[in-house]
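Reviewing the structure listed below.
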Amino acid sequence: MSVLVCFHAHPDDEVFLTGGVMRQAADAGHRVVVVTATDGALGQVPDGLLTDGETLAQRRRRELEASTSALGAHRVVMLHYADSGMAGTAGNANPDAFCNIDVDTAAARLAEILAEESADVLTIYDPNGGYGHPDHIQVHRVGVRAAELANVPHVYEATINRDHIRGLTQSNPEWTEDAQPPDLDTFGLPDSEITTVIDVSTVLAAKRAAMFAYETQIGDFGPFLHMPEEQLQAAFGREWFRRHGTPAGARETALPLEGVSASDRGGSADRAVEHGQGVFEQVVADH
């Protein structure tokens, strides 16, 4: 058994970029751990969705539990740094926002989890965080440093194939009718830089179930929830990564979860539980 740790910025980020590989890894008997940096408290929420006295952060925590259960996670850890908000918004100026936390400080906390789990593979984001969100960029910085501290053998940058997305949006213009389309000159990575393309079409039902868990994010997920199967496969049937620190070469079609195992390195193989019945942890951020 190997250990896959997926490091994400906010509740819901796990679905788009790594939901398929998480479910596949769990189904194959590997241990899957999700670490989420913030509570997503600055996200938008549909009017009238929250109950009296309920905060967005509280709702998104419950949504994260439901989503990661659908995706097979054994352990979920929330670091509870403050959400920075989108680039250029007031939340960026909060000194406690994740984007402003000292990289080594945050990396030490993540490295502790990685070492405890004897992580074989860590997923982070590409250097631009996919689309320039301050928290996503910080996930890349913190993840790279944490992997160095914990000696994680394989680090993969979860990303989007911008050339693929360009083709999809051109052939399906209705997908962006109600939303601002991404800047495809900076969104994700070009196909030429992607090292790893994973077919996750067999677990799309789990990925869609995880989308349905996020009622608060209906503005993001809404257009995709009721797509015809063919369109859903085109949009979400593959997940893209770049091996950190490795030039593009022959394409990989899987993460290296069969090589160095946690048990071989004295890790936490004996602590795996049945996937979908994981432990949810909240760790108060210290700065």
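In terms of UniProt numbering, the sequence shown opens at residue 1 and continues consecutively.
C-beta: ideal position from N, C-alpha, C; glycine also.
### Message
Measuring straight from C-alpha to C-alpha, what distance separates V200 and D39?
### Response
27 Å
### Query
Do you know how far the Cα of R166 is from the Cα of L184?
In this structure, the straight-line span from the alpha carbon of L184 to that of R166 is close to 7 Å.
### Task
Could you have a look at H140 and say whether DSSP puts it in helix, strand or coil?
Helix at H140.
### Backbone secondary structure at D264 - three-state DSSP
Any reading at D264 is ruled out, since the residue's pLDDT is 44, under 50, leaving its predicted position unreliable.
### Query
How would you label H8, buried or exposed, when you count the other beta carbons within 10 angstroms and need 16 or more for buried?
When all chains shown are included, H8 counts as buried.
### Task
Could you please give me the residues that DSSP links to R242 through a beta bridge?
Listed as beta-bridge partners of R242 by DSSP are E157.
### Task
Identify the continuous beta strand (DSSP E) that holds A37 and give its terminal residues.
31-38
### Message
On the criterion of 16 or more Cβ atoms from any shown chain inside 10 Å, does P134 qualify as buried, or is it exposed?
### Response
Answer is buried; the Cβ neighbour count reaches 16.
### Message
For a quick check, are the C-beta atoms of F98 and A158 less than 8 Å apart?
### Response
no
### Task
Starting from V5, trace the beta strand (DSSP E) both ways and give me its first and last residue.
It spans 3-8 - the beta strand (DSSP E) in which V5 sits, taken as one unbroken run.
### Message
I'd like the list of long-range same chain contacts for A107, defined as Cβ closer than 7 Å, with 5 residues on each side in sequence excluded.
### Response
V142, R145, A146, L149
### Task
Excluding the 5 residues preceding and the 5 following H154 in the sequence, name in chain order all residues of the same chain whose CB lies nearer than 6 Å to its CB.
V121, P256
### Three CB pairs or more closer than 8 Å across the segment 109-120 and the segment 27-39
yes
### Task
Mind checking which residues open and close the beta strand (DSSP E) that includes H80?
H80 -> beta strand (DSSP E) spans 75-81.
### Task
Compare the Cα-Cα distances from G188 to each of K207, H10, H164 and report the closest residue.
Considering only alpha carbons, the answer is H164.
### Message
By alpha-carbon positions, which one of G29, R61, G53 ends up nearest to G43?
### Response
R61
### Query
Roughly how many angstroms separate the alpha carbons of A70 and M78, rounded to a whole number?
17 Å
### Query
If you run the structure through DSSP and keep just helix, strand and coil, what is T89?
coil
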